[in-house]
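Trainee:
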Amino acid sequence: MQFDPSLPKSSTSSPASFAYKSVRERWPTIVTNAIKDVQRQIDQYERSNPKIVRQGMQIVAELECLKQEMHQNCTLSPLPDEEGELRGDVAIYNQELQDRGAQSATVGVRWHEVEWLFSECYLYRRLFGSFSRRTLWETYDVFQEQKRDAFKQSKNAVLEMAAYYVNVTENIGCDSGTVLSPEAVERNRAVFSDMMQQCLWGNATDLSLLTTLTYENIQQLQGSEVFKRRRDKVLVNDLDRAFDLLWQARNQGEEHRTVDFVLDNAGFELFVDVVVICYLLKSGLATNVKMHAKKIPWFVSDATPTDIEQLFDIIQRPLDFFKDSNDSGSGDFAKMYDEQPQHLEVLHGDLRTFRAEGRLAYQTSNFWTQAGSFWRLPISNTGLFAELRSSLLVVLKGDLNYRKLVGDACWDPTTPFQEALGPLGKSSKLNILSLRTCKADVVVGLPPGKDEELRSLPEGGGESGSRAWALDASRAVMQFSKGR
Ligand SMILES: O=P(O)(O)OC[C@H]1O[C@](O)(CO)[C@@H](O)[C@@H]1O
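All residue numbers for the sequence shown refer to the numbering used here, where the first residue is 80 and numbers rise by one.
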């Protein structure tokens, strides 16, 4: 709190904001879905395991209570103590809650009058605690089924992306390490741009925003046609600067060219991230990539280490995973796969090699699931800060990472991206690339007049005070900051 931007923040009290709607409609739906998921488990264990059932019912009772508290605008209660390595986090959340309470005009911090970023993180942290404090549920991911179901419906786009990967790396991968003609450099630049744009739009399928997704919804959000159609929806595109950074380092023969990839959603987005990461390694734009995942189930669809391992398995044995997805209109995966099995096999082979060589790894940190903005990083997690500073480039995916980068503050939308990064911006020694489809009110780095232009569109928000154009993931920014 102390180190966040001093500007006012998005708050659940502001009727024009997405935060307002979130606490009143979206979060209760998310908690209701979690309750239904636990209920299904309880039904399954009804006869065989009374202890699981008993603990499950305690979880349901807690989640019902959480919903009521939101509904009735109660104060946010301190998180119950937990065992294990995440215990310290609970203390950090509770300290912040206490500090915020002490500063508030009314007593305590109420659901309908609280900063959005803090309260949303608190919500997911509290949800997690309901499971982690129950011995038979402590490793249960209440969002797992939703994540897997959504990914099962992404098979067409998975095959397409794998084919694209093979095509690109066959033609460009071999360029690594050689001196290239200007035309070849431009070809590499174009491929980088395409890859990164696929990576960007992979972020549109986010289960915390789309609380009910149909097969048709998913198809509309995925595939190469989608990203081609949406080129003009990218409001800021700094990819050239990021490419120049990686390309120059590669040409100068810098030995360690690590890219850190701060992940967002599991499922299709994670699959595209992994493809893009393999491309970065294969093309020589990076020598090593470290993926950063969430330690706990987070914002419904965020990727955890389990999701990563499951994805690696799926890439190795796609038929096992996709064969029983019986959604309409999807075609017969086995048949489609038979026609081009080699694409996923090539991807799997590369993945296995990079992992065996230690060039592709993943890790977690409590930092990613704490409540505050990333402005706190240099103070609150010096180890991670040092690690990211030693990286050539840090790629951050998604809307929540963006909100945390800029502190979810009410910036003027023309504020330079680097300025809004505060201590992670100028002179930070961090090179940052944010790939974000817009799902929240905050945005920076826009050209003068752009926000006004977008607000004046039908559905753009108009005079309502809402930045409606920025809420449905139909627009995006790819912003770069060179901190060293
Ligand atoms: O998965 P992403 O892109 O981080 O999106 C999550 C974000 O989207 C929302 O669900 C909607 O704005 C926010 O609550 C959250 O910041």
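Note that beta-carbon positions come from the ideal geometry of N, C-alpha and C, so glycine has one too.
1. Less than 8 Å between the C-beta atoms of V341 and V474, yes or no?
2. Taking just the CA atoms, how far does Q327 sit from D116?
3. Which of helix, strand or coil does DSSP assign to L509?
4. Suppose you measure from the CA of Y99 to the CA of P84; what does that come to, to the nearest Å?
5. Here's the rule: buried if 16 or more other CB atoms are within 10 angstroms of the residue's CB, otherwise exposed. What is M557?
6. Return yes when at least one heavy atom of ligand 1 lies under 7 Å from the C-beta of R266, else no.
7. From G539 to A549, what distance separates their C-alpha atoms?
8. Leaving out five residues on either side along the sequence, give the residues of the same chain with a beta carbon under 8 Å from the beta carbon of V132.
9. Could I get the ranges of all uninterrupted alpha helix (DSSP H) runs contained in the segment 370-442, with 4 residues as the minimum, in chain order?
10. Please determine, among E175, N250, D160 and V354, the residue with the shortest C-alpha to C-alpha distance to A241.
11. Just tell me which of I114, R105, T494 and S380 has its CA closest to the CA of K476.
12. Give a yes or no on whether the C-beta atoms belonging to I394 and H427 are separated by under 8 Å.
13. Can you tell me which of the three DSSP states R126 falls into?
14. Which term fits V258, buried or exposed, when burial requires 16 or more other beta carbons within 10 angstroms of its beta carbon?
15. Can you tell me whether F559 is helix, strand or coil according to DSSP?
16. Report the partner residues of E194 according to the DSSP bridge assignment.
17. In whole angstroms, what is the alpha-carbon distance linking Q277 and K130?
18. Are the segment 424-444 and the segment 353-367 touching, with three or more C-beta to C-beta distances below 8 Å?
19. So, under 8 Å CB-CB, A488 and K88 are touching, yes? Tell me the CB distance rounded to an integer number of Å.
20. Could you spell out where the beta strand (DSSP E) holding L339 opens and where it closes?
21. Run through DSSP, which three-state label would T516 get?
22. Would DSSP call N330 helix, strand or coil?
23. Buried or exposed: where does T218 fall if 16 or more other Cβ atoms within 10 Å of its Cβ makes it buried?
24. If we call anything under 8 Å between Cβ atoms a contact, is S362 one with L318?
25. Please name the residue or residues paired with N250 in a DSSP beta bridge.
26. According to the Cβ coordinates, are G524 and F496 closer than 8 Å?
27. Starting from V354 and walking both ways along the alpha helix (DSSP H), at which residues does that stretch end?
28. Looking at R534 and ligand 1, is the gap between the Cβ and the nearest heavy atom below 7 Å?
29. Spatial neighbours of C253 within its chain, please: C-beta separation below 6 Å, excluding the five flanking residues on both sides.
30. What do you reckon, are the CB atoms on V338 and L472 nearer than 8 Å?
31. Would you check whether ligand 1 has a heavy atom nearer than 7 Å to the C-beta of L512?
Mentor: The relevant details are as follows:
1. Position 262 of the sequence shown, counted from the first residue, corresponds to residue 341. Position 395 of the sequence shown, counted from the first residue, corresponds to residue 474. For the 8 Å CB-CB criterion, V341 and V474 form a contact.
2. As a first step, residue 116 must be located in the sequence shown, where it is residue number 37. As a first step, residue 327 must be located in the sequence shown, where it is residue number 248. The straight-line gap from Cα to Cα measures roughly 50 Å.
3. For this step, residue 509 is matched to residue 430 along the sequence shown. In this structure, L509 counts as coil in the three-state DSSP scheme.
4. If you number the sequence shown from 1, residue 99 lands on position 20. If you number the sequence shown from 1, residue 84 lands on position 5. One C-alpha to the other measures close to 21 Å.
5. Here residue 557 refers to the residue found at position 478 when the sequence shown is read from its first residue. With 16 or more Cβ atoms within 10 Å of its Cβ, M557 is classed as buried.
6. One-based indexing of the sequence shown puts residue 266 at position 187. No, the Cβ of R266 stays beyond 7 Å of every heavy atom of ligand 1.
7. The residue given as residue 539 occupies position 460 in the sequence shown. The residue given as residue 549 occupies position 470 in the sequence shown. Using only the alpha carbons, I get a separation of about 8 Å.
8. Here residue 132 refers to the residue found at position 53 when the sequence shown is read from its first residue. Once the five neighbours on either side are set aside, the close Cβ partners of V132 are I121, Y124 and E125.
9. Along the length of the segment 370-442, whole alpha helix (DSSP H) runs at least 4 residues long occupy 384-395, 397-401, 412-418 and 420-435, reported in chain order.
10. Mapped onto the sequence shown, residue 241 falls at position 162. Comparing Cα positions, the closest option is V354.
11. Within the sequence shown, the letter at position 397 stands for residue 476. With distances taken between Cα atoms, K476 lies closest to S380.
12. Working through the sequence shown from its first residue, we reach residue 394 at position 315. Working through the sequence shown from its first residue, we reach residue 427 at position 348. Less than 8 Å separates the beta-carbon of I394 from that of H427.
13. Within the sequence shown, residue 126 is the residue found at index 47, counting from 1. In the structure shown, R126 falls within a coil segment according to DSSP collapsed to helix, strand and coil.
14. What you label residue 258 is simply residue 179 of the sequence shown in a count that begins at 1. By the neighbour-count rule (16 or more Cβ atoms within 10 Å), V258 is not buried but exposed.
15. Locating residue 559 in the sequence shown gives position 480, where the first residue counts as 1. Residue state, collapsed to three classes: strand.
16. Counted from its first residue, the sequence shown places residue 194 at position 115. The partner list for E194 (beta bridge, DSSP) reads S90.
17. Translated into the one-based positions of the sequence shown, residue 277 becomes position 198. Translated into the one-based positions of the sequence shown, residue 130 becomes position 51. Here the alpha carbons of K130 and Q277 stand approximately 46 Å from one another.
18. Look at the beta carbons and you see the segment 424-444 touching the segment 353-367: at least three pairs across the two are nearer than 8 Å.
19. The count along the sequence shown starts at 1 and reaches residue 488 at position 409. The count along the sequence shown starts at 1 and reaches residue 88 at position 9. Right, their Cβ atoms sit about 5 Å apart.
20. Numbered from its first residue, the sequence shown carries residue 339 at position 260. At residue 339 the sequence reads Asp, which differs from the Leu that was named. For D339, the enclosing beta strand (DSSP E) begins and ends at T337 to V341.
21. As a position in the sequence shown, residue 516 is number 437, starting the count at 1. Here T516 sits in strand by DSSP.
22. Your numbering for residue 330 matches position 251 in the sequence shown. In this structure, N330 counts as helix in the three-state DSSP scheme.
23. Within the sequence shown, numbered from 1, the residue matching residue 218 stands at position 139. Around the beta carbon of T218, a 10 Å sphere encloses fewer than 16 other beta carbons of the protein chains shown; the residue is thus reported as exposed.
24. One-based indexing of the sequence shown puts residue 362 at position 283. One-based indexing of the sequence shown puts residue 318 at position 239. For S362 and L318, no; Cβs fall outside 8 Å.
25. Taking the sequence shown and counting its residues from 1, the one referred to as residue 250 is at position 171. Note: N250 sits in no beta bridge, so no partner.
26. Here residue 524 corresponds to residue number 445 of the sequence shown, with the count starting at 1. Here residue 496 corresponds to residue number 417 of the sequence shown, with the count starting at 1. Yes, the Cβ-Cβ distance between G524 and F496 is below 8 Å.
27. Working through the sequence shown from its first residue, we reach residue 354 at position 275. Taken as a continuous stretch (DSSP letters only), the alpha helix (DSSP H) holding V354 covers F347 to K361.
28. For the purposes of this step, residue 534 is identified with residue 455 of the sequence shown, where counting begins at 1. Checking every heavy atom of ligand 1 against the Cβ of R534, none is found closer than 7 Å.
29. Along the sequence shown, one-based indexing puts residue 253 at 174. Caution applies to C253, whose pLDDT of 47 falls short of 50 and renders its modelled position unreliable; the value that the coordinates give is listed next. The answer is none, since no qualifying residue turns up.
30. For the purposes of this step, residue 338 is taken as residue 259 along the sequence shown, with counting starting at 1. For the purposes of this step, residue 472 is taken as residue 393 along the sequence shown, with counting starting at 1. It is a contact, given that the beta carbons lie within the stated cut-off.
31. Working through the sequence shown from its first residue, we reach residue 512 at position 433. Checking every heavy atom of ligand 1 against the Cβ of L512, none is found closer than 7 Å.
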